[in-house]
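Asks: Residue numbers (the working numbering): 77 to 268.
1. Whole angstroms is fine: what's the gap from residue 141's alpha carbon to residue 106's?
2. Decide yes or no for the touch test of the region 125–135 against the region 202–213: beta carbon pairs closer than 8 angstroms, at least 3 of them.
3. Taking the Cβ atom as the reference point for each residue, do residue 92 and residue 157 lie within a distance shorter than 9 angstroms?
4. Kindly indicate which three-state DSSP category residue 191 falls into: helix, strand or coil?
5. For residue 18 and residue 103, what's the separation of their Cα atoms in angstroms?
6. Distance, Cα to Cα, residue 248 vs residue 178?
7. Pull up the distance between the alpha-carbon of residue 195 and that of residue 85, whole angstroms please.
8. Buried or exposed for residue 150, please, with buried defined as at least 16 other CB atoms from any protein chain shown within 10 angstroms of its CB.
9. In three-state terms, what does DSSP make of residue 141?
10. Under the three-state reduction of DSSP, which class applies to residue 86: helix, strand or coil?
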């Protein structure tokens, strides 16, 4: 079961949301790029993004929130949640305008699960990057262009992802690739 735990400064979370009903939230390549721009604008100021996967009707993020000393701890969830709300609202408004639609694009609640340990962190990373395979969109992770996996494959290229934190668990790129090709049981996940 996925909790909707409160966000906390310096906490790491698996965050995801679906389109309302069976609504597609990404219809064309430009939609994926625009969503990433909204993540950069609204989420990067408050969190480091470790991984993401954007699917036609949902998305997954693996993030670690930064520390904000000036915000009272009682208000940290609202402060951090507001950034996600602004991000999704900005994307939804533009999407609705382009496709001449009305109403909520995303489900009401941004689902989130706090990552409590390294084992769970690595399993969530595997789950996020393998999502296009699990849903039958591609046979190989590298073929899905709307996830952070390919950024990890191109370590020499600049990225806004916080890759170094994740790569410390794998030592070398070959270990990262081998882990993503392995079968991992998601006994703790019932996400979609």
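Note that the Cβ used here is the ideal one computed from N, Cα and C, for glycine as well.
Replies: So, from the listed chains and residues:
1. Numbered from 1 along the chain shown, position 65 holds the residue referred to as residue 141. Numbered from 1 along the chain shown, position 30 holds the residue referred to as residue 106. Rounded to whole angstroms, residue 141 to residue 106 spans 27 angstroms at the Cα level.
2. By the Cβ criterion, the region 125–135 is in contact with the region 202–213, since at least three pairs of Cβ atoms, one from each stretch, lie closer than 8 angstroms.
3. Within the chain shown, residue 92 is the residue found at index 16, counting from 1. Within the chain shown, residue 157 is the residue found at index 81, counting from 1. Cβ distance not < 9 angstroms, so residue 92 and residue 157 don't count as in contact.
4. As a working note, residue 191 is residue 115 in the chain shown. Coil.
5. Here the chain covers residues 77 to 268 and nothing more, so residue 18 does not appear.
6. The sequence position of residue 248 within the chain shown is 172, counting from 1. The sequence position of residue 178 within the chain shown is 102, counting from 1. Their backbone Cα atoms lie some 47 angstroms apart in a straight line.
7. To locate residue 195, count along the chain shown from 1; it is residue 119. To locate residue 85, count along the chain shown from 1; it is residue 9. Straight through space, the alpha carbons of residue 85 and residue 195 are spaced by roughly 21 angstroms.
8. Within the chain shown, residue 150 is the residue found at index 74, counting from 1. By the neighbour-count rule (16 or more Cβ atoms within 10 Å), residue 150 is not buried but exposed.
9. On the chain shown, residue 141 is found 65 positions in, with the first residue counted as 1. Correct three-state label for residue 141: strand.
10. Mapped onto the chain shown, residue 86 falls at position 10. Note: residue 86 maps to coil in three-state DSSP.
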